[in-house]
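K.L.:
Just dropping this structure here.
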Amino acid sequence: MNSNKNYMQPSANKNRRYDIDWLRNLALLLLIFYHLGMYYVADWDWHIKSDTQSTLLQNFMVFSNLWRMNLLFFISGITLALVKHKYSAKQLINTRTKRLFLPLLFGMLLIVPIQVYYEFKADGMFDDYGEIQNFWDFMLAYVNVNTDFATDKQSIIGLLTWNHLWYLVYLFAYTFVFLALRPLLERFIFTKAFQSVRSIPFFVIFSCYFLIAWVYIRPQYATTHALVDDWWSHAKYFSIMLMGYCFAHRKDIWNKVIKHRRILVYIGCTTYSLVALDRNGAFPFMGDAFQSYIVVQFAYGAVITLNMWCWMLASIGYVGRYLNKPSRRLNYANEAVLPWYILHQSLIILFAANIKTFDFTPWLEAVFIALMTIVSSYLLFEIIRRFNLLRLCFGLPNPNKS
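In structure tokens, the structure reads:
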């Protein structure tokens, strides 16, 4: 067996990374099941909650929580590197505006309101407000930035919100910051120091930044997904995106990640076992010392950081080994993924809120909601893809121009 096998060449189009397309699509598909889990997981706030909740489910949710969104931003950085010769700065902004900003506005106006309506209904907020009798009454208040309804829930744009579409907002905003920094990045990645650093030091250097941010920035800024005050999220997601951009310029390191994917899984399982054991009270002395000793905080942060990198890189390794090839299914998924992402959470909440009147067991209820969400997303996408106006609203290119 050739231990120096190059995994970077299977693509029919050398400028296309089919494995990264697959990974992005699979990561976003995972959101359907993650957000369904948010409906059932105990002690975690969400828009609406099931009457039957599980504490055990937290362990599965935390597993993906530690690296899932980081992976998406890492992929975004890789993608920016792969298309940098295709788009000028102006073209990239134009593309991102159509692909991210327009769907965001459409989603905020017509998709997300379903979530807000059922959240307010579950909280009994319509009971003492006679002007809202149904969803359409609510919509009039929702789009009115001067409404006097639910003033404690409003921002500077009234009740309008982006909820799960925060990823689109952040990615769009990061595009502008990235373009401002791109000349410096390009200069850096072609330095001898960057091109000669080995794989382990490569990730250790990036991990040191992440670890310091975890210890010093995370405690100061709670995650809000509100963009303007979400400094811990920016500290990790924007930096992870830049790391992905740098990673894409080191094909030799990418090859090693693919080669050592199994080792990454083993280490990832070990680090997450420590996280799960700690969450379930196996190390009470560590929990007591966490607030008092900075070295303990760094120890926790090191485990979290190593766990994140292992699962992110293992994911990249496995898709790089097995999925870096063109496929008709992939072509379909590439187009479907954004509409599915925009639609899925509103569909989950719509079905979950209306199924409560039926006497289903929790397992049967969860399966029903998942199936209905997937089937509805598929059917709605089949409608969306056939009409140019809807394609524009959901971030899809005009088929005659793409």
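Numbering-wise (UniProt numbering), the sequence shown opens with residue 1 and increments by one.
A virtual CB, placed ideally from N, CA and C, is assigned to each residue, including glycine.
Predicted model only: the values in this text are computed from it and were never measured.
1. Once you ignore the five residues that flank Phe188 on each side, which residues in its own chain have a CB closer than 7 Å to its CB?
2. Just the C-alpha distance for Asn2 and Tyr293, rounded to the nearest angstrom, thanks.
3. Counting pairs of beta carbons, one from the segment 16–29 and one from the segment 318–331, are three or more of them closer than 8 Å?
4. Using the DSSP secondary-structure output, state which residues sit across from Ser54 in a beta bridge.
5. Exposed or buried, which one is Arg261 when buried takes at least 16 other CB atoms within 10 Å?
6. Answer yes or no: do residue 408 and Glu365 have a C-beta to C-beta separation smaller than 8 Å?
7. Rounded to whole angstroms, what's the CA-CA distance from Ser76 to Asn70? Just pull it up for me.
8. Find out if the Cβ-Cβ distance for the pair His47, Tyr142 is shorter than 8 Å.
9. I need the boundaries of the alpha helix (DSSP H) containing Ala141, first residue and last residue.
10. May I ask which residues mark the beginning and end of the alpha helix (DSSP H) holding Gln115?
11. DSSP on Gly158, reduced to helix/strand/coil?
12. Indicate, with yes or no, if the ligand FAD has a heavy atom lying under 7 Å from the CB of Asp51.
13. Does the Cβ-Cβ distance between Phe290 and Tyr300 come in under 8 Å?
14. How long is the line joining the alpha carbons of Thr97 and Phe135, rounded to whole angstroms?
15. Would you kindly report the start and end of the unbroken alpha helix (DSSP H) that includes Phe172?
16. Determine the burial state of residue 408: buried for a count of at least 16 other Cβ atoms within 10 Å of its Cβ, exposed for fewer.
17. Kindly indicate the opening and closing residues of the alpha helix (DSSP H) around Gln291.
18. For Asp230, I'd like the list of residues in its chain whose CB is within less than 6 Å of its CB, leaving aside the five on either flank, ordered along the chain.
19. Could you tell me the alpha carbon to alpha carbon distance between Thr175 and Ala282, rounded to whole angstroms?
20. Measure the alpha-carbon distance for Trp44 versus Ser88 and round it to whole angstroms.
21. What residue range does the alpha helix (DSSP H) around Met69 cover?
22. Work out the CA separation of Thr95 and Leu159 for me, nearest whole Å.
23. Among Pro399, Ser199, Pro219, which has the Cα closest to the Cα of Trp309?
24. Between the C-alpha atoms of Ser11 and Phe138, what's the straight-line distance to the nearest angstrom?
25. Hey, is the segment 264–272 in contact with the segment 202–211, meaning 3+ C-beta pairs nearer than 8 Å?
26. Answer yes or no: do Ile316 and Val265 have a C-beta to C-beta separation smaller than 8 Å?
27. For Leu242, which residues of its own chain have a beta-carbon under 8 Å away from its beta-carbon, when the five flanking residues on both sides are left out?
28. Taking just the CA atoms, how far does Thr52 sit from Leu140?
29. Taking Cβ to Cβ, would you say Tyr167 is nearer than 8 Å to Leu72?
30. Report yes or no: do the segment 145–163 and the segment 380–390 share at least 3 C-beta pairs separated by less than 8 Å?
31. Val62: which of Lys49, Thr79, Met38, Ala226 sits nearest, CA to CA?
32. Please report the residue range of the alpha helix (DSSP H) in which Phe202 lies.
33. Starting from Gln91, trace the alpha helix (DSSP H) in both directions and tell me its first and last residue.
34. Note the first and the last residue of the continuous alpha helix (DSSP H) segment covering Tyr266.
35. Measure the C-alpha to C-alpha separation of Phe120 and Phe60 and round it to an integer number of angstroms.
36. Could you have a look at Phe394 and say whether DSSP puts it in helix, strand or coil?
P.N.:
Walking through what the data contain:
1. Stepping through the sequence shown from its first residue, residue 188 is reached at position 188. Same-chain partners within the cutoff: Phe194.
2. One-based indexing of the sequence shown puts residue 2 at position 2. One-based indexing of the sequence shown puts residue 293 at position 293. Here Asn2 scores only 47 on pLDDT, less than 50, and its place in the model is too uncertain to base an answer on.
3. Enough Cβ pairs lie closer than 8 Å, so yes.
4. Position 54 of the sequence shown holds residue 54. The beta-bridge partner set that DSSP reports for Ser54 consists of Val41.
5. Residue numbering aside, residue 261 sits at position 261 when the sequence shown is read from its first letter. Classification of Arg261: buried, given that the 10 Å Cβ count is 16 or more.
6. The displayed coordinates of the chain run from 1 to 402. Any statement about residue 408 would go beyond what the structure contains.
7. Reading the sequence shown from its first residue, position 76 is the one you call residue 76. Reading the sequence shown from its first residue, position 70 is the one you call residue 70. Inter-residue distance for Ser76 and Asn70 is about 10 Å (C-alpha atoms, whole angstroms).
8. As a first step, residue 47 must be located in the sequence shown, where it is residue number 47. As a first step, residue 142 must be located in the sequence shown, where it is residue number 142. No, these two residues do not count as a Cβ contact at 8 Å.
9. Taking the sequence shown and counting its residues from 1, one reaches residue 141 at position 141. Per DSSP, Ala141 belongs to the alpha helix (DSSP H) from 135–142.
10. Here the question's residue 115 lines up with position 115 in the sequence shown. For Gln115, the enclosing alpha helix (DSSP H) covers residues 113–122.
11. Counting from 1 along the sequence shown, the entry for residue 158 is found at position 158. Residue state, collapsed to three classes: strand.
12. Ligands displayed in this structure: none; no statement on the ligand FAD is therefore possible.
13. Residue numbering aside, residue 290 sits at position 290 when the sequence shown is read from its first letter. Residue numbering aside, residue 300 sits at position 300 when the sequence shown is read from its first letter. Yes, the pair counts as a contact, with Cβ atoms nearer than the cut-off.
14. Mapped onto the sequence shown, residue 97 falls at position 97. Mapped onto the sequence shown, residue 135 falls at position 135. In this structure, the alpha-carbon of Thr97 lies about 30 Å from that of Phe135.
15. Counting from 1 along the sequence shown, the entry for residue 172 is found at position 172. Boundaries of the alpha helix (DSSP H) around Phe172: 166–189.
16. No answer is possible for residue 408: the residues shown for the chain start at 1 and end at 402.
17. Position 291 of the sequence shown, counted from the first residue, corresponds to residue 291. Segment: none, Gln291 is in no alpha helix (DSSP H) and carries neither H nor E.
18. As a first step, residue 230 must be located in the sequence shown, where it is residue number 230. Within the same chain, Asp230 has close Cβ partners Thr224.
19. Counting from one through the sequence shown, the residue named residue 175 turns up at place 175. Counting from one through the sequence shown, the residue named residue 282 turns up at place 282. If you draw a straight line from the Cα of Thr175 to the Cα of Ala282, it is about 43 Å long.
20. Mapped onto the sequence shown, residue 44 falls at position 44. Mapped onto the sequence shown, residue 88 falls at position 88. Our two residues, Trp44 and Ser88, have alpha carbons roughly 43 Å apart in a direct line.
21. Position 69 of the sequence shown holds residue 69. Following the DSSP letters along the chain, one finds Met69 inside the alpha helix (DSSP H) bounded by residues 68–82.
22. Looking up residue 159 in the sequence shown gives position 159. Looking up residue 95 in the sequence shown gives position 95. Rounded to whole angstroms, Leu159 to Thr95 spans 28 Å at the Cα level.
23. By one-based count along the sequence shown, residue 309 stands at place 309. For the residues Pro399, Ser199, Pro219, the minimum Cα distance to Trp309 belongs to Ser199.
24. As a first step, residue 11 is located in the sequence shown; it is residue number 11 there, counting from the start. As a first step, residue 138 is located in the sequence shown; it is residue number 138 there, counting from the start. In this prediction, Ser11 scores a pLDDT of 46, lower than 50, which makes its location untrustworthy; the coordinate-derived value is nonetheless stated afterwards. Taken atom to atom, the span from the alpha-carbon of Ser11 to that of Phe138 is near 50 Å.
25. Remark: fewer than three beta-carbon pairs, one from each stretch, lie closer than 8 Å, so the segment 264–272 and the segment 202–211 are not flagged as touching.
26. In the sequence shown, counting from the first residue as 1, residue 316 sits at position 316. In the sequence shown, counting from the first residue as 1, residue 265 sits at position 265. Result no, Cβ atoms of Ile316 and Val265 do not sit closer than 8 Å.
27. Residue 242 sits at position 242 when you count from the first residue of the sequence shown. Contacts found: Gly77, Phe178, Leu181, Leu185.
28. Walking along the sequence shown from the start, residue 140 turns up at place 140. Walking along the sequence shown from the start, residue 52 turns up at place 52. Cα to Cα, Leu140 sits roughly 33 Å from Thr52.
29. Walking along the sequence shown from the start, residue 167 turns up at place 167. Walking along the sequence shown from the start, residue 72 turns up at place 72. Contact flag set, yes.
30. By the Cβ criterion, the segment 145–163 is not in contact with the segment 380–390, since fewer than three pairs of Cβ atoms, one from each stretch, lie closer than 8 Å.
31. Numbered from its first residue, the sequence shown carries residue 62 at position 62. Comparing alpha carbon positions, the residue from Lys49, Thr79, Met38, Ala226 closest to Val62 is Met38.
32. On the sequence shown, position 202 is the one that residue 202 refers to. Segment 199–216, the alpha helix (DSSP H) holding Phe202.
33. Here residue 91 is taken as the residue at index 91 of the sequence shown, counted from 1. Segment 89–96, the alpha helix (DSSP H) holding Gln91.
34. By one-based count along the sequence shown, residue 266 stands at place 266. 261–279 is the extent of the alpha helix (DSSP H) around Tyr266.
35. Position 120 of the sequence shown, counted from the start, is the residue given in the question as residue 120. Position 60 of the sequence shown, counted from the start, is the residue given in the question as residue 60. Cα-Cα distance, rounded: 28 Å.
36. Taking the sequence shown and counting its residues from 1, one reaches residue 394 at position 394. Three-state DSSP puts Phe394 in coil, outside helix and strand.
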